[in-house]
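Trainee:
In the numbering used here, the protein residues as written are 156 to 443.
(1) How many angstroms separate the CA atom of residue 248 from the CA atom of residue 305?
(2) When the Cβ atoms of the region 351 to 370 are set against those of the region 386 to 396, are three or more pairs found closer than 8 Å?
(3) Name the residue from 311, 313, 334, 281 whose alpha carbon lies nearest to the alpha carbon of residue 409.
(4) Let me check one thing: in DSSP terms, what residues is residue 397 bridge-paired to?
(5) Shortest alpha-carbon distance to residue 196 belongs to which of 417, 420, 411?
(6) Give me the Cα-Cα distance between residue 380 and residue 352, rounded to the nearest whole angstrom.
(7) Is residue 374 helix, strand or coil by DSSP?
(8) Going by DSSP, what residues sit across from residue 349 in a beta bridge?
(9) Using 8 Å for Cβ pairs, my map puts residue 175 next to residue 329. What's the rounded Cβ distance?
(10) Beta carbon of residue 166, beta carbon of residue 317: below 9 Å?
(11) Contact between the region 365 to 375 and the region 256 to 268 is defined here as three or more beta-carbon pairs at a separation below 8 Å; is this criterion met?
(12) Measuring only the C-alpha atoms, how far is residue 188 from residue 177?
(13) Please confirm whether residue 244 has its beta-carbon closer than 9 Å to some beta-carbon of chain C.
(14) Check whether the region 309 to 316 touches the region 287 to 301, taking contact to mean three or more Cβ pairs, one atom from each stretch, closer than 8 Å.
(15) CA-CA distance, residue 279 and residue 309?
(16) In whole angstroms, give me the CA-to-CA distance for residue 346 and residue 271.
(17) Classify residue 331: buried if its beta carbon has 16 or more other beta carbons within 10 angstroms, exposed otherwise.
(18) Should residue 303 and residue 269 be called a contact, given that it needs their Cβ atoms to be closer than 9 Å?
(19) Taking buried to mean at least 16 other C-beta atoms within 10 Å of its own C-beta, is residue 400 buried or exposed?
(20) At what residue ranges does the region 279 to 334 contain a whole run of the alpha helix (DSSP H), taking only runs of 4 or more?
(21) Quick check on this structure: which residue in 301, 386, 327, 374 has the alpha carbon closest to the alpha carbon of residue 339?
(22) Give the secondary structure of residue 387 by DSSP, where H, G and I count as helix, E and B as strand, and everything else as coil.
(23) Regarding residue 347 and the ligand SAH, is the C-beta to nearest heavy atom distance less than 8 Å?
(24) Apart from the five residues on each side of it in sequence, which residues of its chain come closer than 6 Å, Cβ to Cβ, to residue 242?
(25) How many angstroms separate the CA atom of residue 333 from the CA atom of residue 277?
(26) Looking at residue 290 and residue 417, is the spacing between their C-beta atoms short of 9 Å?
(27) Excluding five sequence neighbours on each side, which residues of the same chain lie with their C-beta closer than 7 Å to the C-beta of residue 205?
(28) Helix, strand or coil, according to DSSP, for residue 415 in the structure here?
(29) Applying the criterion that 16 or more other CB atoms from any shown protein chain within 10 Å of the CB defines a buried residue, is residue 348 buried or exposed?
(30) What whole-angstrom Cβ distance do residue 419 and residue 200 have, given they're in contact under 8 Å?
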């Protein structure tokens, strides 16, 4: 099956908008965290970053992953094409391999210094909700796309598998960042198969040992399999402090700061965390 650029765009955009509207509505009706630290200014900056990313991708690399999949299929490139694997089996294997690739890509983003400087734009969000799922620096988006293009050429997936994976990946990113309450029994079952918001929230903790856990975006198996799974945040879902210790001032909500952040020396802003702790202590004293 051959997809045109317009068809691929319509499919991805329709699913994205549908999932986004459902999750935003869910956040309003049944939020998981009763104390939300951030305001619409933060969400607006996240959405502006998403729009910038969409523009960059469409301008520089239009339909790149799908085009490479078409080229690989026609040319017989990639492992699955060379083995002439049944299209259904090839689709399933491709999906699993892509998801595993994203898991290890995420781990590398935390391990390698210059990659972390790019990825920390995502982690510097001082709260976590559905808009955090689109808060990525354009350099990370481009790097991820280049990795996926390389994977497409090596694996040789069916075209439909590439589209399905991209749709599922964007939807799961919205879902697992959403500030939504999922009944705990249901959540306990779901996390056996997919990454849930409660599971991924641990990954956004300011505590480094919690940040370096739960790297999966879609399939939860990888974290258990490779020893990076952490069930719950140490301080609970109401007590967890989200974000990075360094970038906590109101100036970092500005979208221009988000573009500049990979160039900033985080040590210069370390005192922001102490200020946050003092503010939270003052708020607690006021409430008491």
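Quick reminder that beta carbons are idealized off the backbone N, C-alpha and C, glycines included. The model shown is predicted, which means the values in this text are computed figures rather than measured ones.
Mentor: The answer reads as follows:
(1) 16 Å
(2) yes
(3) 281
(4) 360
(5) 411
(6) 20 Å
(7) strand
(8) 374
(9) 6 Å
(10) no
(11) yes
(12) 18 Å
(13) Considering every chain present, this structure includes no chain C. It has just one protein chain.
(14) no
(15) 34 Å
(16) 26 Å
(17) buried
(18) no
(19) buried
(20) 293 to 310, 314 to 332
(21) 386
(22) coil
(23) Only the bare structure without any ligand can be found here, which leaves the ligand SAH out of the picture.
(24) 313
(25) 14 Å
(26) no
(27) 289
(28) helix
(29) exposed
(30) At roughly 16 Å, the Cβ-Cβ gap does not stay under 8 Å, so residue 419 and residue 200 are not in contact.
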